[in-house]
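If you're matching positions, the sequence shown starts at 7 in our numbering and goes up one per residue. Each remark here refers to the structure printed beneath this line.
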Amino acid sequence: MGTRRQRPNIPAGLTSVVGIAAGYHGLALKADSSVIGWGTFYLPLVVTNAVAISAGLSHSLALKANGTVICWGDNSLGQTNVPSSATNVVAIAAGGNTSLALRADGSVIGWGNNNYGQTNIPASAINVVAIAVGAYALLGNKGQRDGRRVGK
Numbered sequence: 007m008g009t010r011r012q013r014p015n016i017p018a019g020l021t022s023v024v025g026i027a028a029g030y031h032g033l034a035l036k037a038d039s040s041v042i043g044w045g046t047f048y049l050p051l052v053v054t055n056a057v058a059i060s061a062g063l064s065h066s067l068a069l070k071a072n073g074t075v076i077c078w079g080d081n082s083l084g085q086t087n088v089p090s091s092a093t094n095v096v097a098i099a100a101g102g103n104t105s106l107a108l109r110a111d112g113s114v115i116g117w118g119n120n121n122y123g124q125t126n127i128p129a130s131a132i133n134v135v136a137i138a139v140g141a142y143a144l145l146g147n148k149g150q151r152d153g154r155r156v157g158k
């Protein structure tokens, strides 16, 4: 889970940022693959080789270069319990108390709060190329495996 910190100000000297995410906290992914947090957040164990970050309300996700996902923060609804099937991941998304991972084969894995069925991934969710999570919903954009979008 990590140690809870409350820091309302953005850290001074925050440079070389290549990605940002926000919930009740802020996250910055730096060019050296390190992750910096501020606001009300939980410090993770050391994050190395991160290529992407995402933030839910009070939990955080990092995608590592080897296709694995690490999560930290509030786990009251299982939102930081990464399923063992979350391998070969190419994208992550967090929102509310829900987490998603998009695998290289176009399949989607969801975990965390499922009060409104938001982690029930439909069988038709194949060849997904992008994912997003809101507080009570998730979205997957289907495409051709060569990157072309399906539909108009």
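We put the beta carbon where it would ideally sit given N, CA and C, even for glycine.
Subject >> Buried or exposed by the 16-neighbour rule on C-beta atoms within 10 Å, applied to Ile115 >> reply: Burial is judged here by how many other beta carbons sit within 10 angstroms of a residue's own beta carbon; Ile115 has at least 16 and is buried.
Original post:
Identify the residues that DSSP records as bridge partners of Val23: which are they?
Top reply: Beta-bridge partners assigned by DSSP to Val23: Lys36.
**OP:** Check the DSSP bridge columns for Leu69 and list the partner residues they point to.
**Re:** Partner(s): Ala58 and Val75.
Original post:
Any idea if Thr104 is buried or exposed, counting beta-carbon neighbours within 10 angstroms, 16 or more meaning buried?
Top reply: With a 10 Å radius around the Cβ and a threshold of 16 neighbouring Cβ atoms, Thr104 comes out buried.
**OP:** Starting from the C-beta of Val53, find all residues in its chain whose C-beta is less than 7 Å away, skip the five residues before and the five after it, and write them out in chain order.
**Re:** Cβ within range, chain order: Ser40, Val41, Ala68 and Ile76.
**OP:** Compute the Euclidean distance between the alpha carbons of Leu63 and Gly29, then round it to the nearest angstrom.
**Re:** Going from the Cα of Leu63 to the Cα of Gly29 covers about 4 Å.
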